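See structure below.
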Amino acid sequence: MSFDRLISLIRSKENPTVMGLDPKLEYIPAEMKETAYAAYGHTLEGAAEALLRFNQALIDAVRDIIPAVKPQAAFYEAFGWQGLRVLAATIAYAKSKGMYVIADAKRGDIGSTVEAYADGWLGVTEVESETYSPFGADALTVNAYLGSDSIEPLIRVCRTFDKAVFVLAKTSNPSSAELQDIQINGKSVYETMAAMCARWGEALPGQYGFDGVGVVIGATYPSQLRELRQKFPRLFFLVPGFGAQGGGGADVADAFDANGAGAIVNASRSLMCAWQKAPELGFAEAVRAEALRMKNDIIANIK
Numbered sequence: 155m156s157f158d159r160l161i162s163l164i165r166s167k168e169n170p171t172v173m174g175l176d177p178k179l180e181y182i183p184a185e186m187k188e189t190a191y192a193a194y195g196h197t198l199e200g201a202a203e204a205l206l207r208f209n210q211a212l213i214d215a216v217r218d219i220i221p222a223v224k225p226q227a228a229f230y231e232a233f234g235w236q237g238l239r240v241l242a243a244t245i246a247y248a249k250s251k252g253m254y255v256i257a258d259a260k261r262g263d264i265g266s267t268v269e270a271y272a273d274g275w276l277g278v279t280e281v282e283s284e285t286y287s288p289f290g291a292d293a294l295t296v297n298a299y300l301g302s303d304s305i306e307p308l309i310r311v312c313r314t315f316d317k318a319v320f321v322l323a324k325t326s327n328p329s330s331a332e333l334q335d336i337q338i339n340g341k342s343v344y345e346t347m348a349a350m351c352a353r354w355g356e357a358l359p360g361q362y363g364f365d366g367v368g369v370v371i372g373a374t375y376p377s378q379l380r381e382l383r384q385k386f387p388r389l390f391f392l393v394p395g396f397g398a399q400g401g402g403g404a405d406v407a408d409a410f411d412a413n414g415a416g417a418i419v420n421a422s423r424s425l426m427c428a429w430q431k432a433p434e435l436g437f438a439e440a441v442r443a444e445a446l447r448m449k450n451d452i453i454a455n456i457k
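In my numbering, each residue carries its 1-based index in the sequence shown increased by 154.
Structural data, given as structure tokens:
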């Protein structure tokens with residue numbers, strides 16, 4: 155099962171973290187941008203080339219430390235088809251370096267539309283007698299607000315191609331409580347969603363005790379992390395909100411079970427922009443130093 159591969163990578167690197175690849179031009183060193191602009195000009199093609207060089211440099215800097223990357227689709231869509239080309243190339247590059255790839259696209263729909271999302275992000279697309287894997291991610295973030303109809307086609311593709319999904323449950327943003335904390339029949343919306351994910355995940359059992367439908371739970375809500383870990387021991391957590399959003403090792407500790415397993419923690423800006431805060435180290439060493447600081451902070455706080 156897909157999360158088994160992720161868990162194996164986490165164990166081998168002794169590091170339950172994922173690097174978010176959410177690039178903006180202002181995050182990229184000037185020399186990388188200038189090289190790209192020299193080839194393609196100040197165009198969408200030039201910007202896309204700069205994004206790709208940046209992502210590849212980030213991956214090269216931490217591939218032996220961090221087991222996974224999480225590119226956020228919006229940052230690539232902002233540059234049109236040129237950006238989507240970079241997204242596909244980034245996923246391929248990360249996988250070629252042995253990293254697990256979580257596509258953060260938060261897709262959600264029903265019927266033939268969600269089937270198309272499933273095929274494009276996780277499965278294959280047929281062109282006459284040939285089949286192709288358009289993006290080839292290992293896992294996809296999804297919005298299950300439409301209920302089981304929005305998840306079951308994804309589960310079918312996950313079962314066929316050994317993939318997984320992370321469903322939004324309790325997100326890290328301040329206004330998440332406006333809907334996610336509402337009580338219905340004595341349970342919060344986020345707990346209800348987590349319970350649905352636990353049920354859906356039974357179709358994708360894993361050998362390490364975690365099923366193939368995980369949930370997104372923000373590091374900015376440690377009490378909810380603790381609550382859901384206690385209630386749903388087989389749910390694997392994707393935990394955003396570390397670093398620039400304010401979360402630290404103590405905040406995410408309760409996402410993990412008694413064996414120190416069951417979650418992967420995301421940081422984006424704190425890693426991507428580490429070189430700006432420590433220019434004396436150089437690009438790669440600054441990113442590596444922040445990746446190790448994050449790892450050590452989390453490991454020190456896991457029970």
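Ideal Cβ placement from N, Cα and C applies to all residues, glycine included.
Computed from a prediction, not measured in an experiment: that's the story for all the values here.
- Contact between Met173 and Ala421 holds, since their C-beta atoms are separated by about 7 Å, short of 8 Å.
- Pro177 is not a Cβ neighbour of Phe157, given a cutoff of 8 Å.
- Contact annotation: the segment 176-191 does not touch the segment 388-396, with fewer than three C-beta pairs closer than 8 Å.
- Contact between the segment 405-419 and the segment 368-385 is present: three or more C-beta pairs spanning the two stretches fall below 8 Å.
- With distances taken between CA atoms, Ala438 lies nearest to Leu425 out of Asn450, Leu425, Tyr254, Met448.
- Inter-residue distance for Pro394 and Glu282 is about 40 Å (C-alpha atoms, whole angstroms).
- Secondary-structure assignment with DSSP links Gly401 through a beta bridge to Phe396.
- Using a Cβ distance threshold of 8 Å, Tyr254 and Asp292 count as a contacting pair.
- Pairwise C-beta distances place the segment 230-250 out of contact with the segment 268-285, as fewer than three of them are shorter than 8 Å.
- At a Cβ-Cβ threshold of 8 Å, Ala415 and Ile161 count as neighbours.
- Under the three-state reduction of DSSP output, Val240 falls in the helix class.
- Taking 8 Å as the upper bound for CB-CB distance, Gln236 and Leu294 are not in contact here, some 22 Å apart.
- Each of Arg310, Ile336, Ala222, Leu238 was checked against the Cα of Leu276, and the nearest Cα belongs to Arg310.
- With fewer than 16 other beta carbons inside 10 angstroms of its own, Ile338 counts as exposed.
- In the DSSP secondary-structure assignment, Asn420 is bridged to Val172.
- Cα atoms of Pro221 and Val319: separation of roughly 17 Å, rounded to the nearest angstrom.
- Shown here, Ala373 sits in coil according to DSSP, grouped into three states, outside any helix or strand.
- Pro307: member of the alpha helix (DSSP H) spanning 306-315, first to last residue.
- The segment 362-372 makes contact with the segment 320-337; the number of CB pairs closer than 8 Å reaches 3 or more.
- Ranked by how close their Cα comes to the Cα of Pro288, the residues Gly252, Leu238, Pro307, Asp263 have Leu238 in first place.
- If you compare the alpha carbons of Lys260, Glu345, Arg313 with that of Glu381, the shortest gap goes to Glu345.
- Just so you know, the alpha carbons of Gly363 and Ser342 end up roughly 25 Å apart.
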